[in-house]
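Student: Below you'll find the structure I mean.
Residue numbers (this note's numbering): 7 to 694.
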C-alpha cells in the first residue's frame, strides 16, 4: 500500500504559518462560529478594557492582576486558533503539493471521436465536458476523462504517490484517467468528463484545504452540548456578582467578587479544552485519511466510517489475491480435451479480463493451441456483463459461450439441450475445492468445465477476527456460485457471503442491513457498482475505476487497493475515539477545577470556604493559576488532537472502560497537580 509520506507533527513552515493564521482567526466573525471560544474571546476583550480602566483609574483591584488574567485569556483563544490552524496547515501543504502537478498543457483535440482523426492544438483550460482528445506517449493527460479507444501505460505518481505505472484502456473498469497524469507508452483517445474547475484534482485540493468541510452530525450535537453548558455557567456567573455584593453588605465583612475574577472563573468552568480542540480533531481526521491516500468528500464520510458495523468486501482483490487463473480444463464425457481447449480459447479471445486471458494462455501453453487473430475470424463477440455472467462468440453458425454454471445451464436449455450429470458433478467438485468453475458450451452441448483458482490472502483471516472483536460484521461479495463462495468464505473467515451477486442483489442487501439500523461500508470500481456505492453509508471508489463509480462514492482510494476499506474504518474509529477521549478529559478537567479553585476564589467573600481549600492555593493567585493551566492544557493536547488517540481492535465495553480510566481519571487528577504547581511558581515569583 502506498501512502504519502507523513509530515512531521510540527513542521517548521507549517508552524510559522499556523502562528500567523492564529492571529488572523481573531476576527470576531470567525470566533462567533464556536460558542465556547467566542465566550472566551468576549471575556478577553472585557478584561482588557478593565485592565486599561484600572491603569487609568486606580481602584481596589490591581491593574497588573487584571492584565495577567487578560493576557492568559487571549493566550487561550490564540492556542485554540493555533490548534485549528495547525490541522488546516498540514492539509494545505498537501494541497500545495497537488497544485504543483496541475499545469495548463497543450491538448490534441480530435475533430472526430476516433484514433487517426485530424487534431487541433488547444490549451487544457479550454476543454469542456464531452470533448475528445488524443494523448500519446510522453503527453500529460489534459483533463479527467474516460478512455474510449486504445490501451496505454500511465504514470499516476503525481496523484497517488505510486511509482509503478498502471494500465488504462477502453471498456471495463480501468477506463478512467485523471488530468495531470502522464502517458508512458502507446496512445489513448479520451473523452473529457469534467469542465475546468470541476476536475478530480480540483475537488481534491478544495477538500484538503477544508473549503467544503462541513460539521458532522456528531460534531454538531457536541457543539450544541458545549454551547448549552456555556450558557448555564454564564447565567451562574452573572448571578454571582450581585449575590456576592449582597452577602458582603449583609455580613459586614469580606470583599465582593470582582468582574475580572468572575470572567476568569467562567472561562475555567466552561469546557474550553474540548471547545478549543474540537475543530482541529475533525480536520486532523481528514488529514490522516489523506495520508492513507484516501480522499473523503466530507468529514461526515470519515465519521460514518467510524460507526460502520457491516463491511461488504469484494472477494477478488480483497479477500483473494486478485486475478483468478485458469489451471485446468475438465472435458465432459465424450468430448476430447483438444476440442474443449479450442472452444474455450475461442470463447475467450475477446475477453480482456485477467481470467479470460489466462484461459487463452492455458490453451496455448498446455494444449499447444496457437492464439488466433480475433479480426480474422469474422465473428461476433459477446462481452461479459454482471447481469448475464456469460461471454463468448458467435461464428460460422456456432453459438459458443462460457460463464457461470447456472447461467450456462439456462443458456443450454434455451438452445434445447440439457447439461450432463457428470458436468454438474464437476462444477460442484471444483466449487467445493474453493475454485471457480466456468462451463463451456457450444450451442445446446456442454463441452466441459474450466477450473479457475482463487488464493486467499495471507493474514486476511486475522484481520477479520479483529473486525469481529470490533463488532463489525464482514460480508464477502462474489459473482461465484454458492458452493465456491461458501468454500472461500470458510477459508477466509468472513461472517457471511453473497454469491452470484448482481448489482440489484448488492443494492438489496445494503438496504436490508440499513433497514435494520446498521451502517454499511463497501468498495467498488465499476459502473455496475454505482447503485450500491450510492446507497452505502461509506462508499469507497477505486481511483482506477470508472467515473460513475467515483461520482457515486463518498471516498476515493488513490491506491485502488480494495483492502483499504479496513484501514478506512480504523481511521474513522480513531477520529471518534479521539473526540470522545478528549471530551471525557475536558469534562473531567472542569469537574476538578470546580473543587480546586472555587473555595480559593470565594474565600474573600465567604471566609468559611477557606476550610474547603484542600489544595492550600494562595487566594491571590488561585484564579490566575487556574487560567494559566486552562490555557496551557490546550497546547499540551494539540499533539494528541492532531495525531489521534491510538486505536486498538477491542470491544466497545473495553474501549469505554479504558477511556474512563485514562482520560476520565486522568482529567480529574491532572488539574489538581497542574494548578498547584503553577500556584507555587507564582507565589515564588511574588505574583499576587
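Idealized CB from N, CA, C, for every residue including glycine.
Would you give the residue range spanned by the beta strand (DSSP E) that residue 353 belongs to?
Tutor: In the chain shown, the residue the question calls residue 353 occupies position 347. Counting along the chain, residue 353 falls outside any beta strand (DSSP E), though it belongs to the alpha helix (DSSP H) covering 343-354.
Student: Please report whether the beta-carbon of residue 598 lies at a distance below 8 Å from any beta-carbon of chain B.
Tutor: The structure shown contains no chain B; it is built from a single protein chain.
Student: With DSSP as the reference, identify every bridge partner of residue 457, one or two as the case may be.
Tutor: By 1-based counting over the chain shown, the position of residue 457 is 451. Per DSSP, 334 and 443.
Student: Along the chain, which unbroken stretches of the alpha helix (DSSP H) at least 4 residues long are found entirely within the region 541-612?
Tutor: If we require 4 residues or more, the alpha helix (DSSP H) runs fully inside the region 541-612 come out as 553-558 and 570-607.
Student: Just mark residue 18 as buried or exposed, buried being the case when its beta carbon has 16 or more other beta carbons within 10 Å.
Tutor: Within the chain shown, residue 18 is the residue found at index 12, counting from 1. Classification of residue 18: exposed, given that the 10 Å Cβ count is below 16.
Student: Determine the contact status of residue 440 and residue 494, defining contact as a CB-CB distance below 8 Å.
Tutor: If you number the chain shown from 1, residue 440 lands on position 434. If you number the chain shown from 1, residue 494 lands on position 488. Yes, they are a contact pair.
Student: Comparing C-alpha positions only, which one of 342, 326 and 556 sits nearest to residue 569?
Tutor: Counting from one through the chain shown, the residue named residue 569 turns up at place 563. Per the Cα distances, 326.
Student: Return the Cβ separation of residue 408 and residue 353 in integer angstroms, given the expectation that the two are a contact with Cβ distance under 8 Å.
Tutor: Here residue 408 corresponds to residue number 402 of the chain shown, with the count starting at 1. Here residue 353 corresponds to residue number 347 of the chain shown, with the count starting at 1. Indeed, because the Cβ distance is near 4 Å, the residues count as touching under 8 Å.
Student: For the alpha helix (DSSP H) containing residue 685, name the first residue and the last one.
Tutor: Here the question's residue 685 lines up with position 679 in the chain shown. Segment 671-690, the alpha helix (DSSP H) holding residue 685.
Student: Along the chain, where does the beta strand (DSSP E) that runs through residue 318 open and close?
Tutor: Mapped onto the chain shown, residue 318 falls at position 312. First-last of the beta strand (DSSP E) with residue 318: 316-320.
Student: Please go through the same chain and pick out, in chain order, the residues whose beta-carbon is closer than 7 Å to the beta-carbon of residue 433, but skip the five residues on each side of it.
Tutor: Residue 433 sits at position 427 when you count from the first residue of the chain shown. Excluding positions up to five away in sequence, the list reads 411, 443, 445 and 455.
Student: Determine, using beta carbons only, whether residue 67 and residue 264 come nearer to each other than 8 Å.
Tutor: Within the chain shown, the letter at position 61 stands for residue 67. Within the chain shown, the letter at position 258 stands for residue 264. Cβ distance < 8 Å, so residue 67 and residue 264 count as in contact.
Student: Could you work out which residue in 367, 608 and 345 is closest to residue 355 when comparing CA atoms only?
Tutor: In the chain shown, residue 355 corresponds to position 349, counting from 1. Ranking the options by Cα distance to residue 355, first place goes to 367.
Student: What span of residues does the alpha helix (DSSP H) with residue 292 cover, start to end?
Tutor: By one-based count along the chain shown, residue 292 stands at place 286. Looking at the DSSP string, the run of the alpha helix (DSSP H) that includes residue 292 is 278-297.
Student: Could I get the ranges of all uninterrupted alpha helix (DSSP H) runs contained in the region 482-522, with 4 residues as the minimum, in chain order?
Tutor: Whole alpha helix (DSSP H) segments, 4+ residues: 488-498 and 509-521.
Student: Using only CA atoms, which one of 630, 49, 321 and 147 lies nearest to residue 463?
Tutor: As a working note, residue 463 is residue 457 in the chain shown. The residue with the shortest Cα to Cα distance from residue 463 is 321.
Student: With a 10 Å radius around its C-beta and 16 neighbouring C-beta atoms as the bar for buried, classify residue 177 as buried or exposed.
Tutor: Start at 1 with the first residue of the chain shown, and residue 177 comes out as number 171. Exposed: under 16 other Cβ atoms inside 10 Å.
Student: What residue does the beta strand (DSSP E) around residue 401 start on, and which one ends it?
Tutor: By one-based count along the chain shown, residue 401 stands at place 395. From DSSP, the beta strand (DSSP E) with residue 401 extends over 396-401.
Student: Helix or strand or just coil, what does DSSP make of residue 64?
Tutor: Along the chain shown, read from residue 1 onward, the residue named residue 64 stands at position 58. Reduced to three states, the DSSP call for residue 64 is coil.
Student: Measuring alpha carbon to alpha carbon, tell me which of 296, 371, 295 and 279 ends up nearest residue 332.
Tutor: Stepping through the chain shown from its first residue, residue 332 is reached at position 326. Looking at the Cα atoms, 371 is the closest of the given residues.
Student: Residues in its own chain within less than 6 Å of residue 138 by CB, not counting five upstream and five downstream?
Tutor: For this step, residue 138 is matched to residue 132 along the chain shown. Taken in chain order, the residues that qualify are 116, 119 and 197.
Student: Between which two residues does the alpha helix (DSSP H) holding residue 362 run?
Tutor: What you label residue 362 is simply residue 356 of the chain shown in a count that begins at 1. Per DSSP, residue 362 belongs to the alpha helix (DSSP H) from 360-371.
Student: Compare the beta carbon distance of residue 148 and residue 123 with 8 Å and say whether it is the shorter of the two.
Tutor: Residue 148 sits at position 142 when you count from the first residue of the chain shown. Residue 123 sits at position 117 when you count from the first residue of the chain shown. Against a cut-off of 8 Å, the Cβ pair of residue 123 and residue 148 comes out as no contact.
Student: Are the region 285-299 and the region 572-589 touching, with three or more C-beta to C-beta distances below 8 Å?
Tutor: Yes: the two stretches touch, three or more of their Cβ pairs being nearer than 8 Å.
Student: Count the C-beta pairs between the region 64-83 and the region 264-275 that are closer than 8 Å, then say yes if the count reaches three, no if not.
Tutor: Touching, yes.
Student: Can you check whether the CB of residue 563 is closer than 8 Å to the CB of residue 300?
Tutor: Here the question's residue 300 lines up with position 294 in the chain shown. Here the question's residue 563 lines up with position 557 in the chain shown. In contact: residue 300 and residue 563 (Cβ atoms closer than 8 Å).
Student: Counting along the chain, where does the alpha helix (DSSP H) carrying residue 161 start and finish?
Tutor: Here the question's residue 161 lines up with position 155 in the chain shown. Segment 151-161 is the beta strand (DSSP E) holding residue 161; no alpha helix (DSSP H) there.
Student: Pull up the distance between the alpha-carbon of residue 542 and that of residue 559, whole angstroms please.
Tutor: Translated into positions along the chain shown, residue 542 becomes position 536. Translated into positions along the chain shown, residue 559 becomes position 553. Approximately 8 Å, taken between the alpha carbons.
Student: Give the DSSP bridge partners of residue 526, in chain order.
Tutor: By 1-based counting over the chain shown, the position of residue 526 is 520. DSSP lists 316 as partners of residue 526.
Student: Just to confirm, is the Cβ distance from residue 364 to residue 386 under 8 Å?
Tutor: Residue numbering aside, residue 364 sits at position 358 when the chain shown is read from its first letter. Residue numbering aside, residue 386 sits at position 380 when the chain shown is read from its first letter. No, Cβ-Cβ distance for residue 364 and residue 386 is not below 8 Å.
Student: Whose C-alpha, out of 256, 661 and 280, is nearest the C-alpha of residue 40?
Tutor: Along the chain shown, read from residue 1 onward, the residue named residue 40 stands at position 34. Comparing Cα-Cα distances from residue 40 to each of 256, 661 and 280, the minimum goes to 280.
Student: On the premise that residue 504 lies in contact with residue 337, defined as a C-beta separation below 8 Å, what is that separation, rounded to the nearest angstrom?
Tutor: Taking the first residue of the chain shown as position 1, residue 337 is located at position 331. Taking the first residue of the chain shown as position 1, residue 504 is located at position 498. 31 Å between Cβ atoms; not a contact.
Student: What is the rounded straight-line gap between the Cα of residue 459 and the Cα of residue 182?
Tutor: Reading the chain shown from its first residue, position 453 is the one you call residue 459. Reading the chain shown from its first residue, position 176 is the one you call residue 182. Taking the straight line joining both Cα atoms gives about 28 Å.
Student: Between residue 315 and the rest of its own chain, which residues show a CB-CB distance below 7 Å, the 5 nearest in sequence each way excluded?
Tutor: As a working mapping, residue 315 is identified with position 309 in the chain shown. For residue 315, where only same-chain residues beyond five positions count, the Cβ hits under 7 Å are 477, 478, 479, 524 and 525.
Student: Does DSSP put residue 32 in a helix, a strand or coil?
Tutor: The residue given as residue 32 occupies position 26 in the chain shown. Reduced to three states, the DSSP call for residue 32 is coil.
Student: From what residue to what residue does the alpha helix (DSSP H) around residue 467 run?
Tutor: On the chain shown, residue 467 is found 461 positions in, with the first residue counted as 1. Unbroken alpha helix (DSSP H) run through residue 467: 466-475.
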